[in-house]
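Here the protein sequences come in this chain order: C and P. Each number in this note's numbering comes from the position in the first sequence (counting from 1) with 73 added on. Each number in this note's numbering comes from the position in the second sequence (counting from 1) with 73 added on. All C-beta atoms, glycine included, are put in the ideal place defined by N, C-alpha and C. It should be emphasised that the depicted structure is a prediction, and the values quoted were computed from it without experimental measurement. Worksheet for the structure shown next.
2 protein chains.
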Amino acid sequence: MTVNPKHPASPTDAASSAARLIAAEALVRFMREKIPLARSMDVQLSACGSGALSLCAPLAPNANDKGCAFGGSLVSLMTLNGWALVELPLRERGIACDVFVGTSTVRYLAPLWQDFRSEAQLADGSDWADFFTALNARGKAAIEVACSVPNDEGTGPAATLHARFVAKRRS
Amino acid sequence: MTVNPKHPASPTDAASSAARLIAAEALVRFMREKIPLARSMDVQLSACGSGALSLCAPLAPNANDKGCAFGGSLVSLMTLNGWALVELPLRERGIACDVFVGTSTVRYLAPLWQDFRSEAQLADGSDWADFFTALNARGKAAIEVACSVPNDEGTGPAATLHARFVAKRRS
Numbered sequence: 074m075t076v077n078p079k080h081p082a083s084p085t086d087a088a089s090s091a092a093r094l095i096a097a098e099a100l101v102r103f104m105r106e107k108i109p110l111a112r113s114m115d116v117q118l119s120a121c122g123s124g125a126l127s128l129c130a131p132l133a134p135n136a137n138d139k140g141c142a143f144g145g146s147l148v149s150l151m152t153l154n155g156w157a158l159v160e161l162p163l164r165e166r167g168i169a170c171d172v173f174v175g176t177s178t179v180r181y182l183a184p185l186w187q188d189f190r191s192e193a194q195l196a197d198g199s200d201w202a203d204f205f206t207a208l209n210a211r212g213k214a215a216i217e218v219a220c221s222v223p224n225d226e227g228t229g230p231a232a233t234l235h236a237r238f239v240a241k242r243r244s
Numbered sequence: 074m075t076v077n078p079k080h081p082a083s084p085t086d087a088a089s090s091a092a093r094l095i096a097a098e099a100l101v102r103f104m105r106e107k108i109p110l111a112r113s114m115d116v117q118l119s120a121c122g123s124g125a126l127s128l129c130a131p132l133a134p135n136a137n138d139k140g141c142a143f144g145g146s147l148v149s150l151m152t153l154n155g156w157a158l159v160e161l162p163l164r165e166r167g168i169a170c171d172v173f174v175g176t177s178t179v180r181y182l183a184p185l186w187q188d189f190r191s192e193a194q195l196a197d198g199s200d201w202a203d204f205f206t207a208l209n210a211r212g213k214a215a216i217e218v219a220c221s222v223p224n225d226e227g228t229g230p231a232a233t234l235h236a237r238f239v240a241k242r243r244s
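This is the structure in structure tokens:
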């Protein structure tokens, strides 16, 4: 597991990155405990940077009849990844919300013949500040997430997902 | 398991429906054997009509952290359902193809708190005749499928998927 290596960390950055990694590890444990399919897929945390989150899964429990990654596993991993990207900063702030996926568009671009990982970040035009402002004002807010699964060669995406997630404060 | 009840069957219709049901049952067994996630989800055949196919799954292995159906399970069930809708007539005709999902758009409209089923049929504007003509001519053809998962009350969809599947003849 790695943290965002792009910025040499100040002591504060390092503490913040470590806290975020611990929170992300706890979230993946929660996911595996509460969502049986995440456990069946053997979903693991791959990396956790300042604005991105990455999950991974082995091929064997996620293969299809042709021996490559099953489309349902790819979309499930990316959906979990997007959900976790939204859930994580809410948990870090102690805001109790239910986070649901609302819509998603998925593209399957190449077969995957080995273990795979997904990467999630906010979609272009989406913004955490707007999201938290709306959530504070209305108790509900939506945000768009872009996920992708790199191909076996790491030269481009094998699958992408663009999804809209909705967070609602628990009453 | 039921066959399309809309048309009182002639002896030929009845034989054809029975053969299709047997082929659909074999396909679901194949799916459960070859796709571990289909087994983890406990996917079953629900119904098989002349132009539609329906799969079902219990809630327990497909729940999320909130106790309702996990979005990844819904999209996986609908993706399997669409794949099976395309795979079935190919198998019935003895055409050896690999069938892949290419793109899909998913809408999650309501939470589901009980066992659920999906229904798949060709999307408006898609046509088996065009699909088989293209497949014969080029060894490859695409077709659009519409799937939905009815809500708990059966009054409308809880989730929908519109997907494009591609079939390629195996060389």
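Check: Can you tell me which of P/Thr228, P/Ala130 and P/Tyr181 puts its alpha carbon nearest to the alpha carbon of P/Ser113?; Outcome: P/Ala130
Check: Skipping 5 residues on each side, what residues in its chain have a beta carbon closer than 6 Å to that of C/Ser177?; Outcome: Leu234 and Ala236
Check: Closer than 8 Å, Cβ to any Cβ of chain P: which residues of the segment 97-108 of chain C, in chain order?; Outcome: Phe103, Met104, Lys107 and Ile108
Check: Distance cutoff 9 Å, beta carbons only. Does C/Asp225 sit that close to anything in chain P?; Outcome: no
Check: Could you say which of C/Ala219, C/Phe204 and C/Gly227 lies nearest to C/Gly212 if we only look at CA atoms?; Outcome: C/Phe204
Check: Could you name the residues of the same chain whose beta carbon sits closer than 7 Å to that of P/Leu100, not counting the 5 residues immediately before and after it, in chain order?; Outcome: Ala157, Glu160, Leu161 and Arg164
Check: Do you know whose CA, among P/Arg166, P/Gly198, P/Ser244 and P/Leu118, lies nearest P/Phe189's CA?; Outcome: P/Leu118
Check: Determine the contact status of C/Leu110 and P/Asn135, defining contact as a CB-CB distance below 9 Å.; Outcome: yes
Check: Step through the CB atoms of chain C and report whether any lies within less than 9 Å of the CB of P/Gly212.; Outcome: no
Check: What residues match up with C/Ile216 in a beta bridge as DSSP calls it?; Outcome: C/Phe238
Check: Listing by chain order, which chain C residues have their CB less than 7 Å from the CB of P/Lys139?; Outcome: Asp171
Check: State the DSSP-derived secondary structure class of C/Pro81, mapped to helix, strand or coil.; Outcome: At C/Pro81, the pLDDT of 40 sits below 50, so the modelled position is not reliable; the number obtained from the coordinates is stated separately. Note: C/Pro81 maps to coil in three-state DSSP.
Check: At 4 residues or longer, what runs of the alpha helix (DSSP H) sit wholly inside the segment 122-167 of chain C?; Outcome: 144-165
Check: Quick one, which of C/Trp186, C/Met151, C/Arg105 and C/Asp171 has its alpha-carbon nearest C/Gly140's?; Outcome: C/Trp186
Check: Using a Cβ-Cβ cut-off of less than 8 Å, list which residues of the segment 112-142 of chain C approach chain P; keep chain order.; Outcome: Ser113, Met114, Ala133, Pro134, Asn135, Ala136, Asn137, Asp138 and Lys139
Check: Taking its Cβ as the centre, do 16 or more other Cβ atoms sit within 10 Å of C/Thr228, making it buried, or is it exposed?; Outcome: exposed
Check: May I ask you to list, following chain order, the residues of the segment 176-189 of chain P that have a beta carbon less than 7 Å from some beta carbon of chain C?; Outcome: Thr176, Ser177, Thr178, Val179, Arg180 and Tyr181
Check: Using 9 Å as the limit for Cβ to Cβ distance, is C/Ser191 near chain P?; Outcome: no
Check: I want to verify the contact list: residues of chain P whose CB lies under 7 Å from the CB of C/Ser199, in sequence order.; Outcome: Those do not exist, as C/Ser199 stays about 18 Å from chain P at its closest Cβ, beyond 7 Å.
Check: C/Leu150 to P/Met151, Cα distance in whole Å?; Outcome: 16 Å
Check: Starting from C/Ser113 and walking both ways along the alpha helix (DSSP H), at which residues does that stretch end?; Outcome: Pro109 to Ser113
Check: With the cut-off set at 9 Å, would you say C/Ile216 and P/Asn137 are in Cβ contact?; Outcome: no
Check: Does the distance from the CB of C/Asp225 to the CB of C/Ala232 come in under 9 Å?; Outcome: no
Check: Judging by CA-CA distance, which residue of C/Leu182, C/Ala183, C/Asp171 and C/Cys220 is the nearest neighbour of C/Asp197?; Outcome: C/Cys220
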